[in-house]
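J.: The following block contains the structure, expressed as structure tokens.
Protein chains: 2
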Amino acid sequence: MEKYSNFLLSNGVKPSVQRLRIYEFIHTNRIHPTIEMIYSNLSHEMPTLSKTTVYNTLKLFVSKGVAKAINIEDTEIRYDADLSTHGHFKCKSCGGLFDVMLKIDNLVIEGLDNFKIEEYQVNLKGYCNVCKPN
Amino acid sequence: MEKYSNFLLSNGVKPSVQRLRIYEFIHTNRIHPTIEMIYSNLSHEMPTLSKTTVYNTLKLFVSKGVAKAINIEDTEIRYDADLSTHGHFKCKSCGGLFDVMLKIDNLVIEGLDNFKIEEYQVNLKGYCNVCKPN
DNA sequence: AGTAAGTTTGTAATCATTACAAATATATTA
DNA sequence: TAATATATTTGTAATGATTACAAACTTACT
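Keeping their order, the protein sequence lines are chains C and G. Going left to right, the first sequence walks through residues 1 to 134 as our numbering numbers them. Going left to right, the second sequence walks through residues 1001 to 1134 as our numbering numbers them.
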């Protein structure tokens, strides 16, 4: 995709075959995948793909700001190509991860006088509308 | 401390010597320590303390709800005995972790119709008032 | 085409976390 | 109090995810 290629280039990421395909994957499939999910999904069509490449690529993406790391769980890091301000909800029952639109104006009411906030990460947990008891 | 002992008991945590001291430590020192910090701080006064015990104890604390795990960084889990609704700010320069008072009413504006929210975790990153450029 | 620079790959090393069983401490019962 | 059962702690070994590294490969440049 020309669109993705230009986007990566304009953010200082040289679009190799692997990087482009990985970026396309996380941009198209909004499942907030882990490294493992990305690797297992792409290794079929790219048989020589190395898991090290997936690690390297996502580290590069995050450092260049074209993807975000979501630390909602101790045990796994999930990645998201959606750069807009939004939060995430994880269902304790089915494990699904949902996007949440947020209103963060006036969220912070105390504690950061004269601080410079650059990133917001809002993680919620509970039960989704399917898993919710009763 | 009798106070801590009763608090743990009332939450289903039998207050052994180790558990009580670890709880007292995270409750008194509001530095949001990692497992490593807890271990290295207490191993002097409790020479036989095992790191496994620190892992086990904090896992127990979190499961019983007497402490919270803060996933603000990929590389480390920090623990907090403050159960009140508040967020955390991590300074990208000095690494300091600060408490932030929040107003989370009306935070979620879309995406969770009929969901049951049980936990909020708000993580901010940027530069603190000391490290802030200019 | 030939060279240089950058990227990918596979393996080996590292490091945090967990599993496990023995040792210790605590609680219970007689 | 002693004996027994239960729970907790400890140290070591195993696990598993992530990283380091050097060789192979690809791409860009002359």
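The C-beta atom is built at its ideal place from N, Cα and C for all residues, glycine as well. Just so you know, these numbers come straight off a predicted model, no measurement behind them.
Evaluate C1094 (chain G) with the Cβ neighbour count: other Cβ atoms within 10 Å of its Cβ, from every protein chain shown; 16 or more gives buried, anything less gives exposed.
T.: By one-based count along the second sequence, residue 1094 (chain G) stands at place 94. By the 10 Å Cβ count, C1094 (chain G) comes out exposed.
J.: On the CB-based measure, 16 or more other CB atoms within 10 Å of its CB, does R1078 (chain G) come out buried or exposed?
T.: Position 78 of the second sequence holds residue 1078 (chain G). Buried: at least 16 other Cβ atoms inside 10 Å.
J.: Which residues of chain G have a Cβ atom closer than 9 Å to the Cβ of A69 (chain C), listed in chain order?
T.: On the first sequence, position 69 is the one that residue 69 (chain C) refers to. Identification of chain G residues near A69 (chain C) by a Cβ-Cβ cut-off of 9 Å yields D1074, ordered along the chain.
J.: Taking the beta carbon of H1088 (chain G) as the centre, do at least 16 other beta carbons fall within 10 Å, making it buried, or is it exposed?
T.: Counted from its first residue, the second sequence places residue 1088 (chain G) at position 88. Buried, because 16 or more other Cβ atoms sit within 10 Å of the Cβ of H1088 (chain G).
J.: For T34 (chain C), which of C:E73, C:S16 and C:Y4 has the nearest alpha-carbon?
T.: For the purposes of this step, residue 34 (chain C) is taken as the residue at position 34 of the first sequence. Per the Cα distances, C:E73.
J.: Would you list, in sequence order, the uninterrupted alpha helix (DSSP H) runs of no fewer than 4 residues that lie entirely inside the region 18-53 of chain C?
T.: 35-42
J.: Rounding to the nearest angstrom, what Cα-Cα distance links M101 (chain C) and E1024 (chain G) in this structure?
T.: Stepping through the first sequence from its first residue, residue 101 (chain C) is reached at position 101. Stepping through the second sequence from its first residue, residue 1024 (chain G) is reached at position 24. Each residue's alpha carbon lies about 38 Å from the other.
J.: Give a yes or no on whether 8 Å exceeds the smallest Cβ distance from V108 (chain C) to chain G.
T.: Translated into the one-based positions of the first sequence, residue 108 (chain C) becomes position 108. Output row for V108 (chain C): interface = yes.
J.: Determine the closest residue to N1123 (chain G) out of G:C1131, G:K1090 and G:L1112, with distance taken between C-alpha atoms.
T.: By one-based count along the second sequence, residue 1123 (chain G) stands at place 123. Per the Cα distances, G:K1090.
J.: With 16 other CB atoms within 10 Å as the buried threshold, where does L1049 (chain G) fall?
T.: Your numbering for residue 1049 (chain G) matches position 49 in the second sequence. Result: buried.
J.: Excluding the 5 residues preceding and the 5 following A81 (chain C) in the sequence, name in chain order all residues of the same chain whose CB lies nearer than 6 Å to its CB.
T.: As a position in the first sequence, residue 81 (chain C) is number 81, starting the count at 1. Hits under 6 Å: I26, H27 and A67.
J.: According to DSSP, which residues form a beta bridge with D1105 (chain G)?
T.: Locating residue 1105 (chain G) in the second sequence gives position 105, counting from the first residue. In the DSSP output, where bridge partners are listed per residue, D1105 (chain G) has none listed.
J.: Determine whether the Cβ of D113 (chain C) lies closer than 8 Å to any Cβ atom of chain G.
T.: The residue labelled residue 113 (chain C) in the question sits at position 113 within the first sequence. Yes, its Cβ sits closer than 8 Å to a Cβ of chain G.
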